[in-house]
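Residues 53 to 434 (this note's numbering) are what the sequence shown spells out, left to right. Glycine included, each C-beta is placed from N, C-alpha and C at the ideal position.
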Amino acid sequence: MKRIKVMSVFGTRPEAIKMAPLVQALAAREGFESLCCLTGQHREMLDSVMEIFGLHADYDLNIMQKQQTLSSITTRALLGMETVLEEAKPDLVLVHGDTSTTFAGALAAFYHKIPVGHVEAGLRTYDRYSPFPEEMNRTLVGDIAALHFSPTAANAENLRREAVRGEIFVTGNTVIDAMRTTVRGDFRFSDLALNALDFENSRVIVLTCHRRENYGQPMHDILRAVRHVVVTHPDVEVVYPVHLSPAVRACAQEELGGVPGVHLIDPIDVEQMHNLMARCHFVMTDSGGLQEEAPALGKPVLVLRRETERPEAVAAGTVRLAGVEYDAVVRHACELLEQPDTYRRMAQAVNPYGDGNACARIADAIAWHFGLQNEKPADFRA
Ligand code: UD1
Ligand code: UDP
Numbered sequence: 053m054k055r056i057k058v059m060s061v062f063g064t065r066p067e068a069i070k071m072a073p074l075v076q077a078l079a080a081r082e083g084f085e086s087l088c089c090l091t092g093q094h095r096e097m098l099d100s101v102m103e104i105f106g107l108h109a110d111y112d113l114n115i116m117q118k119q120q121t122l123s124s125i126t127t128r129a130l131l132g133m134e135t136v137l138e139e140a141k142p143d144l145v146l147v148h149g150d151t152s153t154t155f156a157g158a159l160a161a162f163y164h165k166i167p168v169g170h171v172e173a174g175l176r177t178y179d180r181y182s183p184f185p186e187e188m189n190r191t192l193v194g195d196i197a198a199l200h201f202s203p204t205a206a207n208a209e210n211l212r213r214e215a216v217r218g219e220i221f222v223t224g225n226t227v228i229d230a231m232r233t234t235v236r237g238d239f240r241f242s243d244l245a246l247n248a249l250d251f252e253n254s255r256v257i258v259l260t261c262h263r264r265e266n267y268g269q270p271m272h273d274i275l276r277a278v279r280h281v282v283v284t285h286p287d288v289e290v291v292y293p294v295h296l297s298p299a300v301r302a303c304a305q306e307e308l309g310g311v312p313g314v315h316l317i318d319p320i321d322v323e324q325m326h327n328l329m330a331r332c333h334f335v336m337t338d339s340g341g342l343q344e345e346a347p348a349l350g351k352p353v354l355v356l357r358r359e360t361e362r363p364e365a366v367a368a369g370t371v372r373l374a375g376v377e378y379d380a381v382v383r384h385a386c387e388l389l390e391q392p393d394t395y396r397r398m399a400q401a402v403n404p405y406g407d408g409n410a411c412a413r414i415a416d417a418i419a420w421h422f423g424l425q426n427e428k429p430a431d432f433r434a
């Protein structure tokens, strides 16, 4: 029997973390051949994920450049994909989320008339400049894709309202599947700074901040606000694994370098990150993924953005939009540190984003689409 050749294309850290369990699930399934094509939009941060999940790249375009522009990522990935698709001739290309790799991967597949499956489809802010360029990337891929795998019912509803072509499935987010293997009670950190943290006697805040729309003034204001919070709360320690982007590193160093109680560290591997979050007091972030992971671990999140395409945990009460203004960030962080009732209300484990079975649903949906199984998978319900 001919196997269905599925090529997963990804290039950044979050795509890799969220595609890893799916690549594994497809590889383990009868009737499928699972191929992995990396654009290499990220390098060290991507390689770390490949190693942790034991993944092997069948193709690696290795496109990353220092201070790369959106155009250079997109064109280099698009051109690189041409040769790969001509050689591998997959039956289906899977892309994930909203990065430039996602857009270029989907467009390349379209140019070769290969159907596209979009994992994490239908999240929207409906502001085309925020997140930038991610909102547009995700929307354009929604137009290209034949199979849409939406984490939540609300994401699927967005796609139905937009009348996108193709089949829509509600699957849950694959990051919750990934966390089933990364989070462990007996985990020990290999990073020395993390090993030295005293989770009993200090309150550890995990901070990440890297988004393009926050570059410049917003990022400076956010990090100055964090500095104020640490300096005024002696029992607080902030751990900030700083993204390798030179723009981010310069700002982090300028605002938080040498501040007592602040640990500026290099990016950590995903197992350390998930287990750090599992042990922390709360999370401050402009990341997309952390907004999904922290609620599942019962950790409050202050989102350092003006909007979010992930409103479900805001509605559940575990995530608050703190914005990017100095005063607002200080106010939200101080409330969480000083008002035990607020903290208790927000520190409830909720799982609006998945039940850990997203990859099985996606694999079932692909099998159904190609006639390998009769039953369409049931939608995930939170
Ligand atoms: C990209 C995605 C963003 C996602 C983020 C996850 C786009 C447009 N943006 O943004 O949606 O949230 O990844 O982290 O696709 N670098 C390294 N080594 C690495 C990774 C990055 O040195 O392993 C440095 C390089 O100098 C690179 C820069 O970081 O030029 C920026 O990387 P880039 O992928 O362009 O942007 P991100 O901010 O990472
Ligand atoms: N992450 C990690 N190490 C770090 C920082 C983040 O493994 O030092 C993980 C995090 O747990 C999440 C993902 O990377 O799974 C989020 O990636 P990022 O914030 O870069 O991108 P976004 O989610 O905003 O697209």
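When the distance is taken between beta carbons, is residue j closer than 9 Å to residue i?
i: Asp-250; j: Ile-320; result: no
i: Val-282; j: Val-311; result: yes
i: Ile-257; j: His-326; result: no
i: Leu-246; j: Gln-305; result: no
i: Val-278; j: Ala-380; result: no
i: Val-145; j: Pro-167; result: yes
i: Leu-296; j: Glu-427; result: no
i: Val-288; j: Ser-254; result: yes
i: Gly-341; j: Arg-357; result: no
i: Ile-228; j: Ala-348; result: yes
i: Gly-157; j: Gly-63; result: yes
i: Arg-176; j: Asn-225; result: no
i: Pro-450; j: Lys-118; result: Beyond the ends of the chain as shown, which are 53 and 434, falls residue 450; an answer cannot be given.
i: His-421; j: Leu-199; result: yes
i: Leu-107; j: Val-61; result: no
i: Ile-414; j: Val-216; result: no
Among the options, whose alpha-carbon lies nearest the alpha-carbon of residue i?
i: Asp-143; options: Phe-84, Thr-126, Ile-196 and Leu-107; result: Phe-84
i: Gly-174; options: Val-353, Pro-352 and Thr-204; result: Thr-204
i: Ile-104; options: Val-335, Gly-169, Met-398 and Ala-68; result: Ala-68
i: Thr-91; options: Ala-80, Val-147 and Gln-76; result: Val-147
i: His-272; options: Glu-377, Cys-89, Glu-344 and Val-101; result: Glu-377
i: Arg-397; options: Ala-417, Gly-408, Phe-422 and Val-371; result: Val-371
i: Ile-274; options: Glu-307, Val-216 and Pro-286; result: Glu-307
i: Pro-352; options: Thr-360, Ala-368 and Ala-197; result: Ala-368
i: Ala-160; options: Pro-286, Met-59, Arg-433 and Ala-72; result: Met-59
i: Arg-433; options: Arg-236, Ala-410 and Glu-344; result: Ala-410
i: Met-231; options: Ala-80, Ile-418, Leu-328 and Asp-112; result: Leu-328
i: Leu-389; options: Val-290, Gly-169, Ile-418 and Pro-73; result: Val-290
i: Val-235; options: Val-322, His-94, Ala-206 and Asn-207; result: Val-322
i: Arg-331; options: Gly-313, Gly-237, Ala-302 and Thr-337; result: Gly-237
Along the chain, where does the beta strand (DSSP E) that runs through residue i open and close?
i: Leu-354; result: 353-355
i: Lys-57; result: 56-62
i: Met-336; result: 334-337
i: Ile-465; result: Because the chain in this structure spans residues 53 to 434, residue 465 falls outside the shown range and cannot be described.
i: Ile-166; result: Premise fails: Ile-166 is in no beta strand (DSSP E) and is neither H nor E.
i: Arg-255; result: 255-260
i: Leu-199; result: 199-202
Tell me which residue opens and which closes the alpha helix (DSSP H) that residue i is part of.
i: Glu-209; result: 205-213
i: Leu-175; result: No alpha helix (DSSP H) holds Leu-175; DSSP gives it neither H nor E.
i: Leu-78; result: 65-79
i: Phe-162; result: 152-163
i: Arg-264; result: Run containing Arg-264: none; DSSP gives neither H nor E here.
i: Asn-426; result: First-last for Asn-426: undefined, no H or E at that position.
i: Ala-245; result: 244-247
Item to check | Contact between the region 355-367 and the region 387-406 (3+ Cβ pairs under 8 Å) | outcome: As far as the Cβ criterion goes, the region 355-367 touches the region 387-406, which means the pair count is three or higher.
Next on the checklist: Between the region 176-183 and the region 250-268, can you find at least three pairs of beta-carbon atoms closer than 8 Å?
Outcome noted: yes
Item to check | Inside the region 269-348 only - beta strand (DSSP E) runs reaching at least 3 residues | outcome: 288-293, 314-317 and 334-337
Next on the checklist: Is it the case that the region 119-137 contacts the region 147-163, given that we only count it when at least three CB pairs across the two stretches are under 8 Å?
Outcome noted: yes
Item to check | Every unbroken beta strand (DSSP E) inside the region 68-144 [3 residues or more] | outcome: 84-90
Item to check | Every unbroken alpha helix (DSSP H) inside the region 354-380 [4 residues or more] | outcome: Listed in chain order, the complete alpha helix (DSSP H) runs (minimum 4 residues) inside the region 354-380 are 364-368.
Item to check | Entirely enclosed alpha helix (DSSP H) segments - the region 390-424, minimum 4 residues | outcome: 392-398 and 410-421
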